[in-house]
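Protein chains in written order, with this note's numbering: chain F, 1 to 275; chain Y, 276 to 689.
All residues carry an ideal CB built from backbone N, CA and C; glycine is no exception.
Some notes on the structure that comes next.
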Ligand SMILES: Nc1ncnc2c1ncn2[C@@H]1O[C@H](COP(=O)(O)OP(=O)(O)OP(=O)(O)O)[C@@H](O)[C@H]1O
Ligand SMILES: [Mg+2]
């Protein structure tokens, strides 16, 4: 439904050869509001592999953000298990969760969520502050991260002195600076115009291709969905689609999308035609 | 990490300068009060009190014994003091310069004094120049008695303020210097006039003359049979308040020996010790200090409540920031430390402002009043330590609320 079926041969992904970065099994999330129970995620199982760039798509209220908060250890599932980078993180205490967020995860938010009183550099340093790194190394790495997102000339500007696209670049640098196993981005282009949004997605793509960073993006935009290795569709808290598009990218559209070539993603051993 | 948190805390103070200052007010006032009061306390004690209420905290007064007292022997002239006692004590003072500073005789006589047509009944006190050290006798015009006056048995007098007014009229007091008065018919030249102090123990109604003059020119025969000049009292000035007990022992044993008081018989003289005066003084001082310390304490606690209030507001305002920090890996402890440190920064900076103003104030008051005041560094330490405790105590609850926020709820907060 999010693809141009003329060019695409969607496939349902069932298994991979390699160890996944993320494996969640039978994850359910219930919210209780005003005495009513609402099931935002209903028996969701999903694997995400190293180096993949995934879009999570689905109508509003389908549970995309809820899934992201659980992947990001910002919230705990009502039931189900979660392995991250080979570690069972379903039953960590708050301190351990904070540590995992700090060491293994990077977040990019729709509304940037930069701290307004800190310069770009200081914002990017924050994860390293909580990672107990020394001041020198922090600054060095933050500078490199900002240079990598093309903001080497804006180190000392505060967020209110930056454009939306620049802010989101700072946020991406902040997400990357700790060398996370996975970057989670919930509608990272939602607050940007189409052009700037495309630039930001291009940056994500570049980082993914060049540095092999695993990226999960929530988006409503079918055009963005098309550029992903895989699209996971959600509806009413259930996964309704899990479509690998790599054949399309590798075989047909790589040149068309002007994406640099890279190692092929892990190949599914069992492939079913979508019904 | 701690440095990072400290910088963050100071930064957030700077972000809300005016608000922070208002919040600090209680702490500023409390700290300033504490330091100012405790610093001025000593000066108040030794200067102000002694000036207005002549308590003589460093003085032992030897007074005649009471012939009516139980155990008193029935002999003529029992208990009276004479120059012999004075001389014995004079030697004692010379032997113990670490205990005693000086000794002063007091020979009191009821007299009739005249100047022109005015006449008053007054008390002449024969004494020496060191009288200034044991009694509060500030000179307003002219000079005080000197050693030379005494050696030359000079016909000079220093008048108490009221005596001078009665003899010369209120307006002419200053012009009385150099004039002659008659005391029991004997002419004396006025060389000094004292400032009026008021109170029953002041010298306002007295005429001070050299002790030799009192004896040889005014008293007629004041000698006790076989003992020389009679004295109404002998005053000893101590080096410090801590010497009261030692001084008392020395004076008692010396007097018992010169006066041949047998063992087992009560003293035939009385000692007026400053112990009671010291007690009263310490009591007054303690009460005032305690009261103001209480006010300072209340002010600090009120300041603390202000800090708690503003920190609760800050936590609410910055819920999103807390969520972001937690998403980036801040632990509950990190967030707790950040907000506690912020509260401590407010209270300690406030306390520093208060302490600094107090030091300036104390120096100013000291200079203006001519008091030798020293800053009480104990009070400074106390104020800062108290501020720290207040910051931690009242900052903890808001900081804990921040720390316990769930990351997702904090991020969703609008
Ligand atoms: N804290 C909460 N309390 C109660 N209900 C919640 C809570 N968070 C999410 N929900 C509900 O869960 C469902 C999924 O919400 P979620 O935010 O995951 O949707 P979404 O797919 O991200 O939607 P959108 O595209 O609009 O962002 C919604 O119906 C929402 O009302
Ligand atoms: Mg959402």
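Residue i by DSSP, collapsed to three states: which one?
| i | result |
| --- | --- |
| residue 219 (chain F) | coil |
| residue 193 (chain F) | coil |
| residue 159 (chain F) | helix |
| residue 240 (chain Y) | The structure shown has nothing for residue 240 (chain Y), since chain Y only spans 276 to 689. |
| residue 130 (chain F) | helix |
| residue 404 (chain Y) | coil |
| residue 93 (chain F) | coil |
| residue 518 (chain Y) | helix |
| residue 373 (chain Y) | coil |
| residue 432 (chain Y) | strand |
| residue 380 (chain Y) | strand |
| residue 484 (chain Y) | strand |
| residue 256 (chain F) | In this prediction, residue 256 (chain F) scores a pLDDT of 35, lower than 50, which makes its location untrustworthy; the coordinate-derived value is nonetheless stated afterwards. The answer is coil: DSSP assigns residue 256 (chain F) none of H, G, I, E or B. |
| residue 593 (chain Y) | coil |
| residue 605 (chain Y) | coil |
| residue 512 (chain Y) | strand |
| residue 34 (chain F) | coil |
For residue i, which option in the options has the closest C-alpha, if you only look at C-alpha atoms?
| i | options | result |
| --- | --- | --- |
| residue 524 (chain Y) | Y:682, Y:643, Y:385 and Y:337 | Y:337 |
| residue 146 (chain F) | F:175, F:160, F:163 and F:164 | F:175 |
| residue 277 (chain Y) | F:72, F:29 and F:132 | F:132 |
| residue 690 (chain Y) | Y:642, Y:598, Y:663 and Y:639 | Residue 690 (chain Y) falls outside the range modelled here, since chain Y spans only 276 to 689, and no answer is possible. |
| residue 582 (chain Y) | Y:298, Y:368 and Y:536 | Y:298 |
| residue 445 (chain Y) | Y:436, Y:609 and Y:479 | Y:436 |
| residue 127 (chain F) | F:207, F:214, F:142 and F:243 | F:142 |
| residue 41 (chain F) | F:49, F:73 and F:31 | F:31 |
| residue 597 (chain Y) | Y:366, Y:683, Y:491 and Y:467 | Y:683 |
| residue 448 (chain Y) | Y:462, Y:429 and Y:469 | Y:469 |
| residue 390 (chain Y) | Y:415, Y:464, Y:604 and Y:382 | Y:464 |
| residue 424 (chain Y) | Y:487, Y:375 and Y:514 | Y:487 |
| residue 407 (chain Y) | Y:485, Y:559, Y:667 and Y:354 | Y:485 |
| residue 633 (chain Y) | Y:307, Y:290 and Y:293 | Y:307 |
| residue 607 (chain Y) | Y:578, Y:685, Y:653 and Y:637 | Y:685 |
| residue 595 (chain Y) | F:216, F:115 and F:50 | F:115 |
| residue 125 (chain F) | F:153, F:82 and F:177 | F:177 |
| residue 466 (chain Y) | Y:365, Y:454, Y:474 and Y:473 | Y:454 |
| residue 491 (chain Y) | Y:401, Y:354, Y:657 and Y:642 | Y:401 |
| residue 689 (chain Y) | F:102, F:111, F:35 and F:62 | F:111 |
Enumerate in chain order the residues of its own chain whose CB-to-CB distance from residue i is below 7 Å, with the five nearest sequence positions on each side excluded.
| i | result |
| --- | --- |
| residue 409 (chain Y) | 331, 334, 379, 510 and 512 |
| residue 281 (chain Y) | 616 |
| residue 64 (chain F) | 56, 58, 218 and 234 |
| residue 397 (chain Y) | 386, 388, 438, 480, 481 and 482 |
| residue 567 (chain Y) | 308 and 312 |
| residue 637 (chain Y) | 311, 314, 315, 648 and 650 |
| residue 503 (chain Y) | 357, 358 and 359 |
Among residues of its own chain, excluding the 5 on either side of residue i, which ones have a beta-carbon nearer than 8 Å to its beta-carbon?
| i | result |
| --- | --- |
| residue 542 (chain Y) | 340, 527, 530, 531 and 536 |
| residue 100 (chain F) | 73, 84, 87, 89 and 92 |
| residue 255 (chain F) | Caution applies to residue 255 (chain F), whose pLDDT of 34 falls short of 50 and renders its modelled position unreliable; the value that the coordinates give is listed next. Once the five neighbours on either side are set aside, residue 255 (chain F) has no close Cβ partner at all. |
| residue 440 (chain Y) | 448 |
| residue 283 (chain Y) | 613, 616 and 617 |
| residue 160 (chain F) | 116 |
| residue 104 (chain F) | 84, 85, 180, 181 and 182 |
In chain A, which residues lie less than 9 Å from residue i when you measure between Cβ atoms?
| i | result |
| --- | --- |
| residue 102 (chain F) | The chain inventory of the structure shown lacks chain A, comprising the protein chains F and Y. |
For residue i, which residues in the same chain have their Cβ closer than 6 Å to its Cβ, ignoring the five residues on either side in sequence?
| i | result |
| --- | --- |
| residue 97 (chain F) | 73 |
| residue 169 (chain F) | 149 and 151 |
| residue 189 (chain F) | 197 and 200 |
| residue 618 (chain Y) | 582, 586, 666 and 670 |
Checklist line | Proximal residues, the region 594-612 of chain Y versus chain F, C-beta separation under 9 Å | finding: 595, 596, 598, 599, 600, 601, 602, 603, 604, 605, 606, 607, 608 and 609
Check: Between the region 184-195 of chain F and the region 118-137 of chain F, are three or more C-beta pairs nearer than 8 Å?
Finding: Per the Cβ contact rule, the region 184-195 of chain F is not in contact with the region 118-137 of chain F (fewer than 3 Cβ pairs under 8 Å).
Notebook entry, point to check: Along the region 117-142 of chain F, what residues have a CB closer than 7 Å to any CB found in chain Y?
Noted result: 117, 126, 127, 129, 130, 131 and 132
Notebook entry, point to check: Which of the residues in the region 81-98 of chain F, read from start to end, lie with their CB under 7 Å from any CB of chain Y?
Noted result: 94, 95 and 98
Margin query: Does the region 656-673 of chain Y come into contact with the region 294-309 of chain Y, if we say contact requires no fewer than three beta-carbon pairs (one atom in each stretch) closer than 8 Å?
Written below: yes
Check: Just checking, does the region 662-679 of chain Y make contact with the region 579-596 of chain Y on the three C-beta pairs under 8 Å criterion?
Finding: yes
Checklist line | contact_flag[the region 385-402 of chain Y, the region 455-465 of chain Y] where n(CB pairs < 8 Å) is 3 or more | finding: yes
Note to self: Tell me which residues of the region 490-518 of chain Y have at least one Cβ-Cβ distance to chain F shorter than 7 Å, keeping chain order.
What the structure shows: none
Margin query: At a CB distance below 7 Å, what residues from the region 616-628 of chain Y approach chain F? Give them in sequence order.
Written below: none
Notebook entry, point to check: Between the region 338-352 of chain Y and the region 541-549 of chain Y, are three or more C-beta pairs nearer than 8 Å?
Noted result: yes
Note to self: Can you confirm whether the region 18-30 of chain F touches the region 76-85 of chain F when touching is taken to mean that 3 or more C-beta pairs between the two stretches lie within less than 8 Å?
What the structure shows: yes
Notebook entry, point to check: If contact means a Cβ-Cβ distance below 9 Å, which residues of the region 179-213 of chain F contact chain Y?
Noted result: none
Notebook entry, point to check: Is there contact here, the region 201-210 of chain F with the region 230-244 of chain F, by at least three beta-carbon pairs under 8 Å?
Noted result: When Cβ pairs closer than 8 Å are counted between the two stretches, the region 201-210 of chain F is seen not to touch the region 230-244 of chain F, the count staying below three.
Check: For the region 660-676 of chain Y, which residues have a beta carbon sitting closer than 7 Å to at least one beta carbon of chain F?
Finding: Only those residues of the region 660-676 of chain Y whose C-beta falls short of 7 Å from the nearest C-beta of chain F would be listed, and there are none.
Checklist line | Residues, ordered as in the chain, of the region 281-306 of chain Y that lie near chain F by beta-carbon distance below 7 Å | finding: 286 and 290
Check: Quick one, which residues of the region 58-69 of chain F are near chain Y if we go by CB-CB under 8 Å, in chain order?
Finding: Those residues of the region 58-69 of chain F that come within reach of chain Y (Cβ to Cβ, closer than 8 Å) are 69.
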